[in-house]
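Take a look at the structure set out below.
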Amino acid sequence: MYYISEYLCPIKKITIASDGKNLCGLWFNGQKYFADFLGEHYEKNNDLPILIQVKDWLDRYFAHQKPNINELPLKLTGSSFQKSVWKILCDIPYGKIETYGQIALKMNKSKMAARAIGSAISRNPVSIVVPCHRVIGYGGNLTGYAAGIDTKIKLLEHEDIDISKLKYYNDNGSWNN
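Throughout, the numbering used here is defined as the position within the sequence shown, counted from one, plus 140.
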């Protein structure tokens, strides 16, 4: 059984999921792969201690207090490859970015593995806490964020990352620079 609660952050509404003891999911509502593993076996619960703890962590994150990922018990569902990628994401500090290629090198994989790494990152079940928004493409391209590039930009700006030199598609379908 899973338990969910909603959290309204400065960007948009988030759903948080727990097995009762661990954080298992955190998604922006409408995000790609949103809550895939929940199925129909969940109930809303705003009083569960772990969900309250996650909301406190998010409050501190959005107040620029840089809470530590190790404060939250995580239970991530995925393949061993996905879990190894997500573990590396956890080491990317607040306010810093890395490329898919850099992550590939940390995993002792060729830069050609960047596509597989990107696929694993897109399936990250715990957005923000496992900071997949801090990963960019080669040459400063802002690509592949399951909650949308606009949300990724807002998270990076929230962490005071200068996005002026990064490239991304504008709403009109053209590159920003």
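Ideal placement from N, C-alpha and C gives every residue a C-beta, glycine not left out.
Item to complete: Could you pull the start and end residues of the alpha helix (DSSP H) that I156 belongs to?
Response: Looking at the DSSP string, I156 is not in any alpha helix (DSSP H); the run it does join, the beta strand (DSSP E), is K153 to S158.
Worksheet entry | Q205, buried or exposed, once every other Cβ within 10 Å from all chains shown has been counted against 16 | Under this definition Q205 is an exposed residue.
Worksheet item: For R274, is the classification buried or exposed, using 16 other Cβ atoms within 10 angstroms of its Cβ as the cut-off for buried?
Response: Buried.
Worksheet item: What is the residue span of the alpha helix (DSSP H) that L282 lies within?
Response: That residue, L282, is in no alpha helix (DSSP H); it is neither H nor E in DSSP.
Worksheet item: Which one of H181, L191 and V270 has the shortest CA to CA distance from N208?
Response: It is V270 whose Cα lies nearest to the Cα of N208.
Fill in: Boundaries of the alpha helix (DSSP H) in which G241 is found, first to last residue
In this chain, the alpha helix (DSSP H) harbouring G241 covers Y240 to K246.
Practice prompt. Let me know the secondary structure DSSP gives V269 once reduced to three states.
Written response: Coil at V269, not helix or strand.
Worksheet item: Helix, strand or coil: which one does DSSP assign to S145?
Response: In the structure shown, S145 adopts extended strand secondary structure according to DSSP, grouped into three states.
Worksheet entry | Three-way DSSP call (helix, strand, coil) for Y234 in this model | In the displayed model, Y234 falls within coil according to three-state DSSP, outside both helix and strand.
Discussion item. I'd like to confirm the pairing. Which residues does DSSP put opposite K184 in its beta bridges?
Written reply: K184 pairs with I144.
Worksheet item: Is it right to say P233 is buried, meaning 16 or more other beta carbons lie within 10 angstroms of its own, or is it exposed?
Response: Looking at its Cβ environment, which holds fewer than 16 other Cβ atoms inside 10 Å, P233 is exposed.
Discussion item. Short of 8 angstroms in beta carbon distance, which residues of its chain neighbour A253, apart from the five on each side in sequence? Order them along the chain.
Written reply: These residues qualify, in order along the chain: A244 and M247.
Discussion item. Would the segment 178 to 192 count as touching the segment 222 to 230 if we require 3 or more Cβ pairs under 8 angstroms?
Written reply: With a cut-off of 8 angstroms, the segment 222 to 230 and the segment 178 to 192 do not count as touching, because too few Cβ pairs lie within range.
Worksheet item: Roughly how many angstroms lie between the CA atoms of H298 and K249, to the nearest whole one?
Response: Each residue's Cα considered, the two are about 31 angstroms apart.
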